[in-house]
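I have placed the structure first, in the form of structure tokens, so that the comments after it can refer back to it.
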């Protein structure tokens with residue numbers, strides 16, 4: 298008789314889940330690291346792991362909240378600026394019992410109010426704190442929504458290709474169907490509404506009920522920002538097709554220019570007026586893990602619901618309540634993120650200096666990487682000069698690697714998907730740990746790898762040199778004719 | 495005509511089926527009352543709402559352990575460690591511990607996603623703590639740190655439940671996380687023979703020790719019987735041991751299921767056991783299954799770092815000779831002795847009420863008194879389309895501001911009624927609670943006595 302947790306008898310949905318960001322490449326990289334090899338992890342947007350320092354102000358505030366006895370000490374003013382002290386008192390007053398008590402299952406009402414105020418300042422429309430739920434990271438919120446929507450394998454979710462593999466993993470786990478829609482690489486990963494329609498129709502012809510659509514804006518791994526017109530089209534599409542739009546907006550802070558600012562889907566929706574503004578169901582996600590905060594380990598995030606029926610909201614609340622509450626320090630980080638120091642505050646100038654330094658450095662690293670990739674044989678870093686600089690977002694790059702047929706053969710022989718083969722070889726040769734494009738989805742026969750721009754600025758030139766050496770040798774080995782290079 | 499996607503009738507049926515009474519209807523009512531009291535003081539016969547529905551000690555005035563918070567604050571803001579004044583504000587062993595913890599964090603980065611099972615160095619510490627507790631070795635690779643024990647329970651249910659033909663044995667009464675997560679993941683909650691006769695494959699047994707809501711601590715013999723039973727029937731043991739530190743009687747001790755199984759001579763191949771603490775520990779899986787658990791954990795990347803650090807502190811508190819040892823022991827003993835006193839006082843209070851019997855709370859944080867309700871009360875509940883214990887709880891809330899959870903939220907033998915009440919309000923509030931409870935109960939019985 299099988300025992301309860303024998304491999305053969307566990308949930309098949311679990312076995313179907315694939316999450317490449319911490320998949321095969323990462324595991325191999327960890328093995329090599331254990332053996333003493335120096336590994337550069339570019340597989341996940343995890344800035345602090347690669348040397349980015351936390352912003353000072355939030356850490357001061359949370360430390361004070363964590364150890365409130367400090368606030369009673371007469372010397373506390375020598376160690377902490379007064380605005381941090383005040384802010385700590387403020388957040389503690391919003392809790393009922395400090396950081397160690399379960400909060401409301403939706404998150405502390407006071408912080409949800411701050412989030413609502415942030416959204417109102419950002420978009421110009423009021424936001425209801427009752428419809429904002431704080432979660433242990435945005436991923437938990439996404440999973441909760443997908444679990445709420447997916448009833449069985451006939452329920453489909455439209456997901457961009459390439460996508461951040463949380464979506465495919467969660468859809469597998471909950472037993473639904475992933476309905477891919479392709480983004481146009483040649484149009485800077487733009488969204489063509491015709492692709493969308495085509496995917497939807499095909500799915501319906503196969504008996505799938507398409508329930509929701511995911512957009513990741515700014516895009517991960519693609520880095521594109523959707524235009525206002527694009528988002529409007531998408532919202533109209535969702536209205537017509539009765540889809541709920543899941544807008545993953547976790548990278549909204551990583552825009553470094555003014556020409557193509559981030560515009561939230563909610564702002565556009567409300568601006569469209571009725572019937573759209575009253576009918577289209579929208580869930581928007583945000584986090585403290587990205588932007589220039591990069592506080593991934595705190596697990597702080599939220600989702601905001603628009604036009605969701607109250608009976609459904611009740612069910613979502615019920616499921617949230619089973620896990621009692623999101624972690625309280627993470628909630629405070631979120632409050633601080635939406636309510637950073639203002640001009641006139643003691644900590645303001647230091648905060649701005651630190652933030653600016655991070656953003657400037659990210660931009661510099663992006664430059665180094667772009668140029669680096671484009672100098673490599675058979676590698677194309679997708680951007681058009683202007684758009685890239687306009688839309689640089691998040692921390693990621695997905696250069697296209699034009700793998701020659703001989704390389705594809707060699708991969709097959711080794712029992713590996715071609716981009717996995719390339720990335721494993723890259724890892725063994727250079728210690729650079731990336732995520733193969735097959736982990737994100739790509740067009741048939743086209744290969745990518747995903748890398749972040751997060752390694753330290755001073756290490757970047759050496760990393761790109763190392764990459765170029767490996768790549769050009771790889772291409773020399775497997776290429777029949779002269780390769781293609783951008784520079 | 496397409497129905498809009500997120501209408502309740504289109505929701506996954508499992509979500510509709512699942513229930514979680516601890517933050518259910520009565521609590522929502524209580525929150526409304528609390529708002530009323532704030533905007534309209536004096537509108538009720540009581541000044542404040544007393545939440546006795548949930549094991550949330552610090553919300554009711556229990557103070558955190560100083561040493562733990564010192565270490566956490568230093569890890570939150572490591573720049574403090576470079577300041578001279580820090581030595582005046584923090585104990586030296588807290589400073590040492592913070593350095594030690596930062597040293598096991600790659601790059602000393604406290605804001606980074608960690609390994610999906612939790613930081614390796616912290617898991618090593620926890621494994622050492624578990625080994626010290628049980629007298630048997632523990633392996634960091636078998637440990638998964640999670641955002642609270644609840645996500646770990648969800649993970650196990652996800653792994654185990656393939657369809658509604660899969661069942662999990664749960665104690666009645668139980669902590670409704672189990673019934674809720676079983677429903678959410680599409681399984682069935684059952685008794686063994688009944689289950690099998692209906693074609694249900696029973697996959698695991700949940701045991702909560704010390705018990706919630708019952709408060710009993712299992713005797714070792716009992717535990718051995720359970721282990722043998724699970725081995726014989728091929729069931730995974732899901733051992734919820736979150737209350738292992740809360741024991742109030744001298745004649746009972748906590749023995750982990752791991753310790754019991756190991757001391758019975760059961761090795762890695764013999765029985766699958768998952769133990770939950772505020773740390774979660776997965777024991778004795780094949781590499782293949784552990785890979786699957788890792789995979790699911792990785793989709794959420796990692797659990798929150800402060801929580802991981804705290805788990806390592808709980809399993810490795812100050813030792814004799816450390817600067818903080820005495821104050822740590824004082825704080826800990828203070829809390830536990832106070833809890834024991836409150837448990838006794840409230841137990842006696844419930845037993846003094848007409849028609850109420852209450853078992854001793856040997857451990858955990860709850861009392862689960864049985865209400866022998868008069869016929870008239872049962873009829874009144876029927877007329878109001880509510881369970882009798884829910885009627886009682888509602889009336890109690892309206893008259894006294896005390897929030898308890900009706901026993902139907904936990905399961906009970908049909909035809910019996912209970913409420914679950916925590917022992918957590920601060921000691922100085924207990925006399926008022928007792929007198930208000932007595933007054934309410936007398937009035938209730940006067941109204942409904944046969």
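Chains as they are written, first to last, in our numbering: chain A, 298 to 784; chain B, 495 to 944. C-beta: ideal position from N, C-alpha, C; glycine also.
Worksheet item: Span of the beta strand (DSSP E) holding residue 435/A?
Response: Where residue 435/A is concerned, there is no enclosing beta strand (DSSP E), although the alpha helix (DSSP H) around it starts and stops at 435-446.
Fill in: Alpha-carbon spacing of residue 854/B relative to residue 830/B, whole angstroms
Each residue's alpha carbon lies about 16 angstroms from the other.
Worksheet item: Roughly how many angstroms separate the alpha carbons of residue 643/B and residue 771/B, rounded to a whole number?
Response: Going by the C-alpha atoms only, they are around 6 angstroms apart.
Discussion item. Just list the residues that DSSP pairs residue 601/A with in beta bridges.
Written reply: According to DSSP, residue 601/A bridges with 429/A, 581/A.
Worksheet item: First and last residue of the beta strand (DSSP E) that includes residue 478/A?
Response: Here the beta strand (DSSP E) through residue 478/A covers 474-479.
Item to complete: Answer with buried or exposed for residue 771/A, where buried requires no fewer than 16 other C-beta atoms within 10 angstroms of its C-beta.
Response: Buried.
Worksheet item: In chain order, what residues of the same chain have a beta carbon less than 8 angstroms from the beta carbon of residue 379/A, not counting five sequence neighbours either side?
Response: Within its own chain, the residues whose Cβ lies closer than 8 angstroms to the Cβ of residue 379/A, once the five positions on either side in sequence are excluded, are 643, listed in chain order.
Worksheet item: So, are the CB atoms of residue 307/A and residue 654/B less than 8 angstroms apart?
Response: Taking 8 angstroms as the cut-off, the Cβ atoms of residue 307/A and residue 654/B count as close.
Discussion item. Measuring straight from C-alpha to C-alpha, what distance separates residue 690/A and residue 791/B?
Written reply: Low local confidence applies: a pLDDT of 38 at residue 690/A is under 50, so the model's placement there is unreliable, with the coordinate-based value given in what follows. The C-alpha of residue 791/B is placed about 27 angstroms away from the C-alpha of residue 690/A.
Practice prompt. Kindly indicate which residue of 639/A, 505/A, 545/A has the alpha-carbon position closest to the one of residue 464/A.
Written response: Nearest C-alpha to residue 464/A: 545/A.
Discussion item. Going by DSSP in three states, residue 733/A sits in which element: helix, strand or coil?
Written reply: Three-state DSSP puts residue 733/A in a strand.
Fill in: Where residue 314/A meets chain B, residues with beta-carbon distance less than 9 angstroms
Chain order gives the chain B residues near residue 314/A as 786, 789, 790, 793, where near means a beta carbon separation below 9 angstroms.
Discussion item. Taking 6 angstroms as the limit between beta carbons, can you name the residues of its chain near residue 541/A, skipping five residues before and five after?
Written reply: Contacts found: 509, 578.
Discussion item. In this structure, how does DSSP classify residue 882/B when only helix, strand and coil are distinguished?
Written reply: Helix at residue 882/B.
Worksheet item: Which bits of chain A does residue 672/B rub up against, with CB to CB less than 8 angstroms?
Response: Near residue 672/B there are no residues of chain A at all, since even the closest Cβ is about 10 angstroms away, more than 8 angstroms.
Worksheet item: DSSP three-state call for residue 920/B: helix, strand or coil?
Response: Residue 920/B falls in the coil class under three-state DSSP.
Item to complete: Could you tell me the boundaries of the beta strand (DSSP E) in which residue 660/B lies?
Response: In this chain, the beta strand (DSSP E) harbouring residue 660/B covers 660-663.
Worksheet item: Based on Cα-Cα distance, which residue from 528/B, 852/B, 894/B, 759/B lies nearest to residue 938/B?
Response: For the residues 528/B, 852/B, 894/B, 759/B, the minimum Cα distance to residue 938/B belongs to 894/B.
Practice prompt. Starting from the C-beta of residue 581/A, find all residues in its chain whose C-beta is less than 7 angstroms away, skip the five residues before and the five after it, and write them out in chain order.
Written response: Around residue 581/A: 544, 546, 561, 562, 563, 600, 601.
Worksheet item: Counting Cβ pairs closer than 8 angstroms, one from the segment 338-347 of chain A and one from the segment 602-616 of chain A, do we hit at least three?
Response: Taking a cut-off of 8 angstroms for Cβ pairs, the segment 338-347 of chain A and the segment 602-616 of chain A do not touch, as fewer than three such pairs fall below it.
Discussion item. Bridge partners for residue 911/B per DSSP, in chain order?
Written reply: Per DSSP, the beta bridge partners of residue 911/B are 865/B.
Discussion item. Taking its Cβ as the centre, do 16 or more other Cβ atoms sit within 10 Å of residue 454/A, making it buried, or is it exposed?
Written reply: Buried, by the Cβ-count rule.
Discussion item. Looking at chain A, is there any beta carbon in it that lies within less than 8 angstroms of the beta carbon of residue 570/B?
Written reply: Among the residues facing chain A, residue 570/B is included, as its CB has a counterpart in that chain under 8 angstroms away.
Worksheet item: Does the beta-carbon of residue 757/A have 16 or more other beta-carbons within 10 angstroms, so that it is buried, or is it exposed?
Response: By the 10 Å Cβ count, residue 757/A comes out buried.
Practice prompt. Could you list the residues in the segment 813-840 of chain B with a C-beta less than 8 angstroms from some C-beta on chain A, going in chain order?
Written response: Correct list: empty, as no residue qualifies.
Item to complete: On a CA-only basis, which of 734/A, 775/A, 617/A, 485/A is nearest residue 746/A? Give me that one, please.
Response: Of 734/A, 775/A, 617/A, 485/A, the residue nearest in Cα terms is 734/A.
Worksheet item: For the 8 angstroms Cβ check, are there 3 or more pairs between the segment 841-859 of chain B and the segment 897-906 of chain B?
Response: The segment 841-859 of chain B vs the segment 897-906 of chain B: no contact.
Worksheet item: When burial is assigned at 16 or more other CB atoms within 10 Å of the CB, is residue 564/B buried or exposed?
Response: The residue is buried, with at least 16 neighbouring Cβ atoms inside 10 Å.
Discussion item. Cutting at 8 angstroms between CB atoms, please list the residues of its own chain near residue 647/B, excluding the five before and the five after it.
Written reply: For residue 647/B, where only same-chain residues beyond five positions count, the Cβ hits under 8 angstroms are 671, 672, 675, 732, 734, 770.
Discussion item. Could you compute how far the alpha carbon of residue 407/A sits from the alpha carbon of residue 536/B?
Written reply: Cα atoms of residue 407/A and residue 536/B: separation of roughly 25 angstroms, rounded to the nearest angstrom.
Fill in: C-beta atoms of residue 505/A and residue 532/A nearer than 8 angstroms
If you check the CB distance, residue 505/A and residue 532/A do not come in under 8 angstroms.
Practice prompt. Compute the beta-carbon to beta-carbon distance between residue 740/B and residue 704/B, rounded to the nearest angstrom, for a pair I have assumed lies under 8 angstroms.
Written response: Their Cβ separation, rounded to whole angstroms, is 6 angstroms, which keeps residue 740/B and residue 704/B in contact under 8 angstroms.
Worksheet entry | Proximity of residue 598/B and residue 620/B at Cβ, strictly below 8 angstroms | In this structure, residue 620/B does not lie closer than 8 angstroms to residue 598/B by Cβ.
Worksheet item: When Cβ atoms are compared, which residues of the segment 367-378 of chain A fall closer than 7 angstroms to chain B?
Response: Answer set for the segment 367-378 of chain A: 367, 370, 372, 375, 376.
Item to complete: Find out if the Cβ-Cβ distance for the pair residue 474/A, residue 314/A is shorter than 8 angstroms.
Response: For residue 474/A and residue 314/A, no; Cβs fall outside 8 angstroms.
Fill in: Amino acids of chain B, ordered along the chain, whose beta-carbon sits closer than 7 angstroms to that of residue 433/A
Within chain B, the residues near residue 433/A are 641, 798.
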